[in-house]
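**Q** Below: one structure in structure tokens.
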Amino acid sequence: MMRLRNFLGTVLCGLLCASCAKQGSGGYMAELAANQPINNTHYTYPMGSPVAEHGALKVNGLQLCDASGEPVQLAGFSTMGWQWCADCYTQESLMNLVSNWHINILRLAMYVEEGGYNRTPNRSREMMCNLVDLCGEMGIYCIVDWHILTPGNPESEVYADAAPFLSYMARKYAGAPHVIFEICNEPNGEGATWEVISRYANKVIPQIYAPYDSIGAPHPLVICGTPQWDQLVDACLVEGRYQGNELDLIDLPAKDQRLAFDNLMYTFHFYSGSHNEGGPKKGIPDYYNLYKYMYKVLGKLPVFCSEFGLTNADGDGNIDTDRTDKWLLMLSGENAGKQKVSFCNWSYSDKDEQSAALLPFSCKHGKWNNASPSGDYIRRVFNVVNNGAIDSTVLKPTNLYRP
Ligand code: IDC
Numbered sequence: 016m017m018r019l020r021n022f023l024g025t026v027l028c029g030l031l032c033a034s035c036a037k038q039g040s041g042g043y044m045a046e047l048a049a050n051q052p053i054n055n056t057h058y059t060y061p062m063g064s065p066v067a068e069h070g071a072l073k074v075n076g077l078q079l080c081d082a083s084g085e086p087v088q089l090a091g092f093s094t095m096g097w098q099w100c101a102d103c104y105t106q107e108s109l110m111n112l113v114s115n116w117h118i119n120i121l122r123l124a125m126y127v128e129e130g131g132y133n134r135t136p137n138r139s140r141e142m143m144c145n146l147v148d149l150c151g152e153m154g155i156y157c158i159v160d161w162h163i164l165t166p167g168n169p170e171s172e173v174y175a176d177a178a179p180f181l182s183y184m185a186r187k188y189a190g191a192p193h194v195i196f197e198i199c200n201e202p203n204g205e206g207a208t209w210e211v212i213s214r215y216a217n218k219v220i221p222q223i224y225a226p227y228d229s230i231g232a233p234h235p236l237v238i239c240g241t242p243q244w245d246q247l248v249d250a251c252l253v254e255g256r257y258q259g260n261e262l263d264l265i266d267l268p269a270k271d272q273r274l275a276f277d278n279l280m281y282t283f284h285f286y287s288g289s290h291n292e293g294g295p296k297k298g299i300p301d302y303y304n305l306y307k308y309m310y311k312v313l314g315k316l317p318v319f320c321s322e323f324g325l326t327n328a329d330g331d332g333n334i335d336t337d338r339t340d341k342w343l344l345m346l347s348g349e350n351a352g353k354q355k356v357s358f359c360n361w362s363y364s365d366k367d368e369q370s371a372a373l374l375p376f377s378c379k380h381g382k383w384n385n386a387s388p389s390g391d392y393i394r395r396v397f398n399v400v401n402n403g404a405i406d407s408t409v410l411k412p413t414n415l416y417r418p
């Protein structure tokens with residue numbers, strides 16, 4: 016606690032925009048497309064901060080490890096779309112999250128459609144850079160999330176800026192170990208098969224890696240979306256697993272279409288109210304039992320859970336802490352691969368929906384600890400997972416999933 020406070024004390028204020036050059040709209044595409052290094056961002060991570068302690072992340076087999084090869088499990092929040100809740104992401108707010116809620120990672124969800132990047136490319140990119148810089152100054156990890164949602168195909172024309180944008184971020188931040196890339200949030204719909212997603216990944220990931228190669232820095236961690244809103248996580252290992260085939264959780268013939276990158280994880284998302292033990296259907300007693308499915312998948316592929324909620328999949332409805340316990344215990348090593356899976360909770364915002372961690376209007380009034388029931392639960396989880404606290408009200412062993 017004291018150490019965290021001390022390192023935050025060393026964080027300098029007012030630097031937020033120092034390294035994010037503001038562009039006129041005319042120069043935007045030119046700069047985005049320019050194939051030259053723009054790596055002008057250097058950090059001294061505060062002593063004792065998560066990034067100072069762990070450094071560059073590296074996938075080793077099924078497990079995410081730190082620079083010294085030790086397994087690491089990160090736990091933090093995802094932001095909401097900035098177009099709706101910009102006032103939640105101030106320096107003061109985020110410093111409070113780090114020092115009082117004990118997060119060590121923040122996912123920066125930049126919607127592309129839904130009134131996000133495509134409507135305000137300049138402003139969105141500036142906000143992304145500001146937040147990446149702020150996370151660097153605080154010494155926590157962050158995920159640059161190219162948040163596609165509707166349409167669900169990452170190759171759709173409306174996402175044409177994916178490669179230039181991700182390449183821009185890579186050129187700017189190459190060598191900064193706190194930056195993680197999520198190349199597409201939640202592919203969905205019948206067109207977003209693994210064939211399409213992997214073709215997209217094979218196009219953009221080399222462009223992310225290139226600036227790192229040119230300065231001899233280790234490749235950044237990249238996480239890749241999977242079909243059906245990041246739920247058919249093993250689609251690269253199974254023939255015919257795609258959205259709409261109604262065979263999601265049935266054994267299918269094996270194949271191997273894993274991506275051939277050296278620092279890559281597959282994304283899994285869940286919402287406890289919707290994704291759980293399933294129920295009887297089509298003669299199968301536990302049809303769509305996602306616990307059963309993921310328990311096995313975690314023995315086969317390295318997975319990152321960059322988004323989950325305590326509510327239904329629409330981000331609203333009652334919270335379910337017991338089912339969330341079950342998921343988080345599984346992610347904390349109780350799975351076929353014994354992997355410790357990093358996770359980000361949806362969402363750090365005060366939007367008027369049950370998955371938001373703060374109550375409505377908290378941000379406007381700077382009430383950064385005005386937790387909703389979901390926020391209250393997840394704050395206790397962070398305190399246990401990241402801060403070593405003992406709290407028997409969360410992650411209850413009685414909720415453990417047993418295959
Ligand atoms: C939801 C937000 C909601 C917003 C909507 C826009 O919670 O306020 O109106 O997006 O379409 C996801 C998505 C994430 C969703 C979230 C909840 O990644 O963008 O946010 N969710 O529905 N996948 C599963 C759930």
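Per the working numbering, the sequence shown starts with residue 16, numbered consecutively. Using N, Cα and C, we set each Cβ at its ideal position, and we do this for glycine too.
Pairing CB atoms from the region 67-76 with CB atoms from the region 95-105, are three or more of them under 8 Å?
**A** Taking 8 Å as the limit for Cβ pairs, the verdict is that the region 95-105 does not touch the region 67-76.
**Q** D335: beta carbon under 7 Å from a heavy atom of ligand 1?
**A** Flag unset: Cβ of D335 not near ligand 1.
**Q** Where N133 and W161 are concerned, what is the direct C-alpha to C-alpha distance, given to the nearest angstrom?
**A** Each residue's alpha carbon lies about 11 Å from the other.
**Q** Heavy atom of ligand 1 less than 7 Å from the Cβ of N361, yes or no?
**A** Note on identity: in this sequence residue 361 is Trp, with Asn being the wrong assignment. The answer is yes for W361.
**Q** May I have a chain-ordered list of the beta strand (DSSP E) segments no shorter than 3 residues that lie completely inside the region 194-249?
**A** Listed in chain order, the complete beta strand (DSSP E) runs (minimum 3 residues) inside the region 194-249 are 194-197 and 237-239.
**Q** Look up C100 in the DSSP assignment and say whether it is helix, strand or coil.
**A** Of the three classes helix, strand and coil, the one that applies to C100 here is helix, per DSSP.
**Q** Given this structure, state the Cα-to-Cα distance separating H57 from K411, to the nearest angstrom.
**A** Spanning the two alpha carbons is a distance of roughly 42 Å.
**Q** How many Å lie between K353 and R417 at the Cα?
**A** K353 and R417: Cα-Cα distance of roughly 13 Å.
**Q** Using only CA atoms, which one of M44, C320, D102 and Q78 lies nearest to K366?
**A** Residue D102 is the option with its Cα nearest to K366.
**Q** Going by the CB atoms, is the gap between L274 and Q222 shorter than 8 Å?
**A** No, Cβ-Cβ distance for Q222 and L274 is not below 8 Å.
**Q** Keeping to the same chain, check which residues put their C-beta closer than 8 Å to that of Y392; ignore five residues upstream and five downstream.
**A** Around Y392: L325, I334, T336, T339 and V409.
**Q** Does D148 pass the burial test, meaning 16 or more other C-beta atoms within 10 Å, or should it be called exposed?
**A** D148 is buried by the Cβ-count criterion.
**Q** Regarding K366 and ligand 1, is the C-beta to nearest heavy atom distance less than 7 Å?
**A** K366 Cβ: within cutoff of ligand 1.
**Q** Looking only at its chain, what residues have a beta carbon closer than 8 Å to the beta carbon of L344, apart from the 5 residues adjacent to it on each side?
**A** If we look at L344 and ignore the five residues flanking it on each side, its Cβ neighbours are L410, P412, N414, L415 and Y416.
**Q** Determine whether the beta carbon atoms of K355 and P65 lie at a separation below 8 Å.
**A** Not closer than 8 Å, so no.
**Q** Going residue by residue through the region 246-326, where are the continuous beta strand (DSSP E) segments of at least 3 residues, counting only ones entirely within it?
**A** If we require 3 residues or more, the beta strand (DSSP E) runs fully inside the region 246-326 come out as 279-286, 294-296, 299-302 and 318-324.
**Q** Please state whether DSSP places M95 in a helix, a strand or coil.
**A** Note: M95 maps to coil in three-state DSSP.
**Q** If I follow the unbroken beta strand (DSSP E) through A124, where does it start and stop?
**A** Per DSSP, A124 belongs to the beta strand (DSSP E) from I120 to Y126.
**Q** Write down the C-beta distance between V312 and D249 rounded to the nearest angstrom, noting that I regard them as a contact closer than 8 Å.
**A** Sure, about 5 Å apart at Cβ, within 8 Å.
**Q** Quick one: Cα of A185 to Cα of Y224, how far?
**A** Using only the alpha carbons, I get a separation of about 7 Å.
**Q** On a Cα-Cα basis, can you pick out the residue from D277, L252, Y257 and N260 that is closest to P268?
**A** When each option's Cα is compared against that of P268, the closest is L252.
**Q** By how many angstroms is the C-alpha of V127 removed from the C-alpha of L47?
**A** Each residue's alpha carbon lies about 16 Å from the other.
**Q** Let me know if T165 comes out buried or exposed under the rule of 16 or more other beta-carbons within 10 Å of its beta-carbon.
**A** The residue in question, T165, is exposed, as its Cβ has fewer than 16 Cβ neighbours within 10 Å.
**Q** Let me check you understand the geometry: is the CB of N200 closer than 7 Å to at least one non-hydrogen atom of ligand 1?
**A** Checking every heavy atom of ligand 1 against the Cβ of N200, one is found closer than 7 Å.
**Q** Under a three-way DSSP split, which group does P418 fall into?
**A** Here P418 sits in coil by DSSP.
**Q** By the 10 Å Cβ neighbour count, where 16 or more other Cβ atoms means buried, how is S83 classified, buried or exposed?
**A** Label assigned to S83: exposed.
**Q** Quick check on this structure: which residue in H284, I238, N145 and A90 has the alpha carbon closest to the alpha carbon of K187?
**A** Taking only the C-alpha atoms, the option nearest K187 is N145.
**Q** In whole angstroms, what is the alpha-carbon distance linking F358 and W342?
**A** Looking at the two C-alpha atoms, the distance is approximately 10 Å.
**Q** On the three-state DSSP scale, how would you describe K353?
**A** Looking at K353 - three-state DSSP - the assignment turns out to be coil, as it is neither helix nor strand.
**Q** Relative to the C-alpha of P386, which residue among Y363, N401, K379 and V194 is closest?
**A** Checking the sequence, you will find Ala at residue 386 rather than Pro. When only C-alpha atoms are compared, the closest one is Y363.
**Q** Quick check on G39: buried or exposed, where buried means 16 or more other Cβ atoms within 10 Å of its Cβ?
**A** Note that G39 scores a pLDDT of 43, beneath 50, so its modelled location is shaky; the value from the coordinates is reported in the next line. The residue in question, G39, is exposed, as its Cβ has fewer than 16 Cβ neighbours within 10 Å.
**Q** Which residue wins for smallest C-alpha separation from V74, given the options T241, P233, Y183 and D228?
**A** The shortest Cα separation from V74 among T241, P233, Y183 and D228 belongs to P233.
**Q** What residue range is occupied by the uninterrupted alpha helix (DSSP H) comprising Q88?
**A** Neither: Q88 is in no alpha helix (DSSP H) and is coded neither H nor E.
**Q** Roughly how far, in whole angstroms, is the beta-carbon of C150 from the beta-carbon of H193, given that I think they are within contact range, below 8 Å?
**A** Between H193 and C150 the Cβ distance is about 6 Å, and since that is below 8 Å, they are a contact.
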